[in-house]
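The structure appears right after this line, and notes come after that.
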Amino acid sequence: MKKMTDRELKQQLGDYHAPQGLYQITKDMAFLGKVRCNVEEIVAGSWQEIIIDYEVGASGMADGSWFKATFRFYSDWALFQTTDPAGANYISAEYHAAPTVPGQSPATVQKLSVRFDQKGHERPFQKAVIVDTFDGYVKAGDHIVIRLGDRRFGGAGTRVQTFVEENFKIRCYVDPLGTSRFSAVSPDIVIQVVPGAPAQIQWAGPRVVRRGQPFPLRVRAEDEWGNTCWNRGEAIAVSASLDGEPCFERKAVLPDEGWAVLLLEDLPVDRVGELVVTAALPDHPWVKPATFYVNVDDQLEVPRVFYTDLHVHSEDTIGTNSTRYNLTYGRDVTGLDVLAFAHNDFNITTERWQATVKLIREICEDGKFIAYPGTEWCGSSCAGGDHNVVYLHDGEPQFPYLKNGEHVRSVDWNEDSKTDQAVPGAWPLEELWVAYADDPEGHLLIPHVGGRRCILDWHHPGLERLIEIGSAWGHFGWLYQEAMERGYKIGASMAGDEHRGRCGGGVPGTAVFGTKGGISGLIAPELTRKAVAKALRERHTFASTGERTFGLVHCGKHIMGDEFTHGGPAMVEYRFLGDVGWDEIIAFDHDGEFWRRNLQEEMGYSERRIRFRWGGARIKDRYRWAAWKGTITITNAVINDFVGSGFEHIEETCWRHGPTTLGFKSDTYGDVDAIEIDVSHLATAVIRIEGTIDGYVKVGDPLKGNPFVHCPTFTWEVSGQELLDAARLKKDLPGVDMFLALERMSDSAAPREVRGSFEVGPRNGPHGHRPVYLLARQVDDAKVWTSALFITFQ
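Here it is in structure tokens:
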């Protein structure tokens, strides 16, 4: 930018009037100003007061102009509010004038107002704290100071995002001329979001292995929000028993640098039985020991169960941290066997895509870790909806261009685009199919829900072999049932769709990604690219809500995913392996549920133990969650004890509200939460449940909520005797599978292993076959869906 000396100005202008020295001061400023922040590093999920100081640049700010501080939409930073200065997450904005020079008039701005809008800017920097100026201009050098979590009035501060991020960015924009056209203020504010101290222990490994087959088992230390700790260098003690007999002991030290993960590869597998492996952190006695269960089996026809996450993101598009970080996290921390990237097709640049493919080729190793490149076709629901494309073949993926030069993004709209217009490529879904229909064996297309949910009016049986029925976005069992009703022969899968850098069953945060990231179990003869690709396309999968569980369904020589003919009634056998214990097993076909096994009933009901469950989602689309707040009041009885179950994180909770009342608060995304209660004198009790249901608050006061229009409140009253007689009571609510339920429980611990069989009558559905799949649910709402058996009865 041109700058003249005072002498040059005098020579060219002669006599003139201007504030003394202001020209030189202004020319030395950044034109759009600069921003500073009071923090460089914060602990994920901690409470802070963040101060953003914007020094207005040489441009100044015209009357009515705006300033924005934005961050990425996937962040689950607590929602800001502006109505309660003494409350949490209060934000404020103040104007501070810079000194004037001789001859300079002060600025005339009269006030600022501040607001928060979850979609106040363009993706990915959608979440925005917006400051409006009123009744006057702002001069160069003045300051606008924003406090996120202003503590000056007694508030607790703001709860920052709950997940780790290298180089978390706050990108600021200014509208200098009052035209509502924004320019970025450089450089960005960059903050390191790091994990906290160890608060829990997590395991990752196969739930079942064949006798004599060595296997990897990983144990890690996590903070209270589920972030893997790092740079700990602390002791960890591991012990194991096989059917009650001690068989292994190891004292080790977690790495001084890097993730706090210990890999075990020498656990004994020479005898059949249940291997029980427990880890403890001696330096942190308040952290509970954690146990993992591995069944060593001589009947297993494959080496072990393999676990996959076929929907992984990185900062190359709309995820967190680098592609290398996410790949190695999946391999080394959560112990995935198979991983596929799903870069948003319209966001990924050609250069970054090529780098991803190269990195995947380098990291993939048969027998240890299999990775595939992939994209997420981001067509709108009206054009078919989101579909992942996994490139199973060993050749060069035809993306973003086909061999004939056509681009196969849904739209071309990224940093390399030569236009600011969205230019369609493979749109609608039929054109994506056309791109890969000549090599179905080399590709796997997976419709899913996420943001632009798939619409099952579209289906290609040769390319779409799996469907994603759950992820960090929620649980979508209704989607698999719809596919069966339509006659589609498609397998069940779950995946992370993890935008927060924790693939492989990553723990949930708050906001839009509110459940644990899913994974899929895979039955394959070996861990090689070719064998895995074949098993995926054969639908030999089960869908898990993120836990290392196991489910297998078979009919004779056929297993889940198989399509076959059968004469007469079919005997279906099943086996499920879990950790906290199985609650129920349900069988479905194209007409819905047709068989159920209630494990609580089998174990015998208690006279005192009951539970209250609630769950579902408001809608099927992006901002689906239901925000529940309520109470359960039990009179003419005594509440002896209670415990929450199924809560995803520490901000979902229940508490005693008095001698007869319990309070609860949680969000559900198709999942289910619960309170287990020990009640004396249940026969005389009156149980009253009431509360409110809110939804997504885009803009406005989050303290006021956003009542669910179809069911803003709920009330339900039953007697204890009714519950004793019926054992299970349910009240359906508007929304997607939303309900309230009261159920009796057993005093016995639920079984970790469940086997059984049931008969399926020889009846084909309207599409010429009968699909049969199972849903198994644990006491804590961890679930497994098996792929269907597709039986054509003769």
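The opening position of the sequence shown corresponds to residue 306 in the working numbering, with each subsequent residue numbered one higher. Quick reminder that beta carbons are idealized off the backbone N, C-alpha and C, glycines included. What you are looking at is a predicted structure, and each value in this text was computed from that prediction instead of being measured.
Close beta carbons around residue i, own chain, < 6 angstroms, minus the five adjacent residues each side
i, result
"glutamate 878", "His859 and Ser1062"
"cysteine 477", "Val340, Ala374 and Val490"
"glutamate 554", "Ser544"
"asparagine 343", "Ile356"
"leucine 827", "Phe611, Thr613, Ala840 and Thr846"
"lysine 1088", "Thr850 and Arg1082"
"isoleucine 475", "Ala374, Phe376 and Ile494"
"valine 885", "Gln1083, Val1084 and Asp1085"
Proximal residues to residue i (C-beta, below 7 angstroms), its chain only, five neighbours per side dropped
i, result
"serine 380", "Lys432 and Gln466"
"tyrosine 442", "Gly365, Met366, Ala367, Asp368, Ala412, Thr413 and Val414"
"aspartate 389", "Tyr395 and Leu1008"
"glycine 338", "Tyr359, Glu360, Val361, Gly362, Val479 and Val490"
"methionine 799", "Glu773, Ile774, Gly775, Ser776, Gly823, Ile824, Ser825, Ala848, Ser849 and Thr850"
Sequence-distant residues of its chain with Cβ nearer than 8 angstroms to residue i (five each side left out)
i, result
"histidine 895", "Met789, Glu790, Gly792, Gly1070, Pro1071, His1072, Arg1075 and Pro1076"
"tyrosine 630", "Glu471, Ser619 and Gly806"
Where residue i sits in the DSSP three-state scheme
i, result
"leucine 1080", "strand"
"asparagine 631", "helix"
"threonine 533", "strand"
"methionine 908", "helix"
"aspartate 1030", "helix"
"methionine 865", "coil"
"leucine 482", "coil"
"glutamate 735", "helix"
"lysine 332", "helix"
"glycine 1025", "helix"
"leucine 327", "helix"
"serine 370", "coil"
"isoleucine 955", "coil"
"valine 662", "helix"
"valine 1059", "strand"
"threonine 655", "helix"
"isoleucine 623", "coil"
"proline 492", "strand"
"glutamate 570", "coil"
"glycine 1070", "coil"
"leucine 1047", "strand"
"leucine 453", "strand"
"arginine 636", "helix"
"threonine 413", "coil"
"proline 729", "strand"
Residue environment, residue i, which counts as buried when at least 16 other CB atoms sit within 10 Å
i, result
"glycine 459", "exposed"
"arginine 1060", "exposed"
"cysteine 808", "buried"
"serine 849", "buried"
"glutamate 550", "exposed"
"cysteine 538", "Reading the sequence as shown, one finds glycine at residue 538 and not cysteine. Result: exposed."
"arginine 486", "exposed"
"tyrosine 395", "buried"
"glutamine 703", "buried"
"cysteine 687", "exposed"
"histidine 986", "exposed"
"tyrosine 598", "buried"
"leucine 318", "exposed"
"glycine 963", "exposed"
"tyrosine 696", "buried"
Beta-bridge pairing of residue i - partner residues as DSSP gives them
i, result
"lysine 339", "Glu360"
"valine 599", "Leu580"
"tyrosine 785", "For tyrosine 785, which the question treats as bridged, DSSP gives no partner whatsoever."
"alanine 932", "Asp972 and Asp999"
"glutamate 803", "Val617"
"glutamate 898", "Phe893"
"histidine 448", "Glu360 and His401"
Neighbour flag for residue i against chain C, beta carbons, 8 angstroms
i, result
"isoleucine 795", "The structure shown has no chain C; it contains just one protein chain."
Open item on the list: Taking contact to mean 3 or more Cβ pairs, one atom from each stretch, closer than 8 angstroms, check whether the stretch 558 to 577 and the stretch 588 to 597 are in contact.
Closed with: Counting C-beta pairs with one atom in each stretch, the stretch 558 to 577 and the stretch 588 to 597 have fewer than three that are closer than 8 angstroms, which means they do not touch.
Task: the stretch 498 to 514 in contact with the stretch 447 to 459 per 3-pair CB rule at 8 angstroms - done: With the cut-off at 8 angstroms, the stretch 498 to 514 and the stretch 447 to 459 do not touch.
Open item on the list: Between the stretch 929 to 938 and the stretch 761 to 774, can you find at least three pairs of beta-carbon atoms closer than 8 angstroms?
Closed with: No contact exists between the stretch 761 to 774 and the stretch 929 to 938.
Open item on the list: With three or more beta-carbon pairs closer than 8 angstroms as the criterion, would you say the stretch 518 to 529 touches the stretch 629 to 644?
Closed with: Flag = yes, the stretch 518 to 529 and the stretch 629 to 644 touch.
Open item on the list: Between the stretch 746 to 754 and the stretch 910 to 922, can you find at least three pairs of beta-carbon atoms closer than 8 angstroms?
Closed with: Result no; under three Cβ-Cβ pairs closer than 8 angstroms.
Task: Cβ contact (3+ pairs, closer than 8 angstroms) linking the stretch 811 to 818 and the stretch 725 to 744 - done: They do not touch, by the three-pair rule.
Task: contact_flag[the stretch 953 to 966, the stretch 1004 to 1024] where n(CB pairs < 8 angstroms) is 3 or more - done: Touching, no, given that fewer than three Cβ pairs across the two stretches are closer than 8 angstroms.
Task: Cβ contact (3+ pairs, closer than 8 angstroms) linking the stretch 1033 to 1041 and the stretch 1051 to 1060 - done: Result no; under three Cβ-Cβ pairs closer than 8 angstroms.
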